[in-house]
Ligand code: ZN
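In this note's numbering, the protein residues as written are 34 to 183.
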């Protein structure tokens with residue numbers, strides 16, 4: 034990846050963190066997961082409204098570093114409209130991308146590819162994966178609706 038593209042991606046992450054999308058609560062959500070990354074101090078709550086096997090609304094609230102906020106912002110954008118299966122696939126893809134296991138081409142993922150750079154910064158990986166673990170917990174029947182990276 035060229036330096037120019039890397040800069041572009043950083044710009045995208047900063048933009049999402051400054052103006053997070055879907056930064057609100059959902060009235061009467063079907064799923065609500067608290068997520069905490071003690072290493073960095075990121076805390077967020079992910080809200081989902083799932084109807085007839087489809088994510089019809091997604092939002093989050095919280096505070097944390099730019100990476101954690103941008104990741105949650107992009108997640109809520111992407112997961113809206115997904116079937117439960119698509120949402121689970123998205124988690125797998127992003128988990129591989131962010132932890133550097135497997136190698137989906139970041140360019141195939143649109144904006145989400147911007148987060149791929151964190152894999153080079155082990156301290157930042159947990160910031161980026163936090164909201165995705167919350168999504169995973171929401172999608173998994175019987176999972177406690179509280180996740181922590183520790
Ligand atoms: Zn963080």
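From the three backbone atoms N, C-alpha and C, an ideal C-beta is built for every residue, glycine too.
Query: Across the segment 93-103 and the segment 122-129, are there enough close Cβ pairs to call them in contact, namely three or more that are closer than 8 Å?; Result: no
Query: So if I measure from each beta-carbon to every heavy atom of the ligand ZN and keep distances below 6 Å, which residues remain?; Result: 70, 73, 75, 97, 98, 100, 101, 160
Query: Determine the closest residue to residue 186 out of 48, 60, 115, 97, with distance taken between C-alpha atoms.; Result: This structure does not reach residue 186, given that the chain is present from 34 up to 183, and the question cannot be answered.
Query: Determine the burial state of residue 168: buried for a count of at least 16 other Cβ atoms within 10 Å of its Cβ, exposed for fewer.; Result: buried
Query: Thinking C-alpha only, which one of 85, 87, 37, 102 is nearest residue 57?; Result: 102
Query: Use the C-beta contact count for residue 154: other C-beta atoms within 10 angstroms, 16 or more gives buried, fewer gives exposed.; Result: exposed
Query: Residues in its own chain within less than 6 Å of residue 147 by CB, not counting five upstream and five downstream?; Result: 42, 45, 46
Query: Could you tell me the distance, in whole angstroms, from the CA atom of residue 69 to the CA atom of residue 37?; Result: 33 Å
Query: Measuring only the C-alpha atoms, how far is residue 163 from residue 77?; Result: 8 Å
Query: Going by CA-CA distance only, name the one from 158, 156, 157, 125 that's closest to residue 142.; Result: 125
Query: Determine which residues share a DSSP beta bridge with residue 116 and list them.; Result: 87
Query: Looking only at its chain, what residues have a beta carbon closer than 7 Å to the beta carbon of residue 34, apart from the 5 residues adjacent to it on each side?; Result: Legend: pLDDT at residue 34 = 47, less than 50; position of this residue unreliable, no value from coordinates given.
Query: One question on the structure: do residue 159 and residue 173 come within less than 8 Å of each other, judged by their Cβ atoms?; Result: no
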